[in-house]
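Participant: This note's numbering applies: residue 1358 is where the sequence shown begins, and numbers increase by one.
Glycine included, C-beta positions come from ideal geometry on N, C-alpha and C.
Structure below; questions to follow.
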Amino acid sequence: MKAMIPEKIYEGYLRLREKGFNVELSNSFRYLLIRKVRLPAKFNQVYTDILIENDPYSDYTPPNAYVERTLRVWKAYLGKYAKSAHLDESLTPQQMLDKGWVKLCYRINWDPNFSLIDFVIMILKFLRGLE
């Protein structure tokens, strides 16, 4: 089974809509925008948008994920909200920074059989555990 080809991306998009997510998919299938994803209380925002950048022609390339550049995590030892090392602007392409996005820096054991839904679940779990 192919994972991130356009048909699978579209299928994932439809499933996310069915589950109540506010999602938009680009005509090229390269970008999927998930609006107003609720965040845990440790963040400086109640919601964030998540932008997923797919390679619709490669099953072997994991998608990239971006969140709003203004997102901060509560750091108890600092007594304030601060940037997470996993939201690294130095690894984010300048055009994405200019549009208000920062790349989520994660390591996953990508499998070509993963679907878009699998990836979104991974990202949501990653955000819950972010420090």
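Below 8 Å CB to CB, which residues in the same chain sit around Tyr1367 once its five sequence neighbours on both sides are set aside?
Facilitator: Numbered from its first residue, the sequence shown carries residue 1367 at position 10. Leu1382 and Phe1386, listed in sequence order.
Participant: Is DSSP giving Ile1480 helix, strand or coil here?
Facilitator: Translated into positions along the sequence shown, residue 1480 becomes position 123. The answer is helix: DSSP assigns Ile1480 an H, G or I state.
Participant: Tell me the rounded alpha-carbon separation between Ile1480 and Ala1422.
Facilitator: The residue given as residue 1480 occupies position 123 in the sequence shown. The residue given as residue 1422 occupies position 65 in the sequence shown. Between the alpha carbons of Ile1480 and Ala1422 lies a distance of about 8 Å.
Participant: Would Gly1377 be called buried (16 or more neighbouring beta carbons within 10 Å of its own) or exposed?
Facilitator: Here residue 1377 is taken as the residue at index 20 of the sequence shown, counted from 1. Classification of Gly1377: exposed, given that the 10 Å Cβ count is below 16.
Participant: Does DSSP put Leu1408 in a helix, in a strand, or in coil?
Facilitator: As a first step, residue 1408 must be located in the sequence shown, where it is residue number 51. If DSSP states are grouped into helix, strand and coil, Leu1408 belongs with the strands.
Participant: On the three-state DSSP scale, how would you describe Tyr1370?
Facilitator: Here residue 1370 refers to the residue found at position 13 when the sequence shown is read from its first residue. Helix, per DSSP.
Participant: Quickly, what does DSSP pair Phe1400 with across the bridge? List them, please.
Facilitator: Stepping through the sequence shown from its first residue, residue 1400 is reached at position 43. Per DSSP, Val1430.
Participant: Sorted by chain position, which residues of the same chain lie with C-beta nearer than 7 Å to Thr1405's C-beta, five sequence neighbours on each side aside?
Facilitator: For the purposes of this step, residue 1405 is identified with residue 48 of the sequence shown, where counting begins at 1. If we look at Thr1405 and ignore the five residues flanking it on each side, its Cβ neighbours are Val1394, Leu1396, Val1424, Glu1425 and Leu1428.
Participant: Does the beta carbon of Asn1466 come closer than 8 Å to any beta carbon on chain B?
Facilitator: Of the chains in the structure shown, none is chain B; there is only one protein chain.
Participant: What does the alpha-carbon distance come out to for the pair Leu1435 and Arg1485?
Facilitator: Here residue 1435 corresponds to residue number 78 of the sequence shown, with the count starting at 1. Here residue 1485 corresponds to residue number 128 of the sequence shown, with the count starting at 1. For Leu1435 and Arg1485, the distance between alpha carbons rounds to 20 Å.
Participant: Can you tell me the Cβ-Cβ gap for Ile1409 and Leu1389, rounded? I've got them flagged as a contact below 8 Å.
Facilitator: The residue labelled residue 1409 in the question sits at position 52 within the sequence shown. The residue labelled residue 1389 in the question sits at position 32 within the sequence shown. Correct: roughly 4 Å between the Cβ atoms.
Participant: Leaving aside the five residues before and after Arg1392 along the sequence, list all residues of the same chain whose C-beta is less than 6 Å from its C-beta, in chain order.
Facilitator: Start at 1 with the first residue of the sequence shown, and residue 1392 comes out as number 35. Contacts found: Asn1379 and Asp1406.
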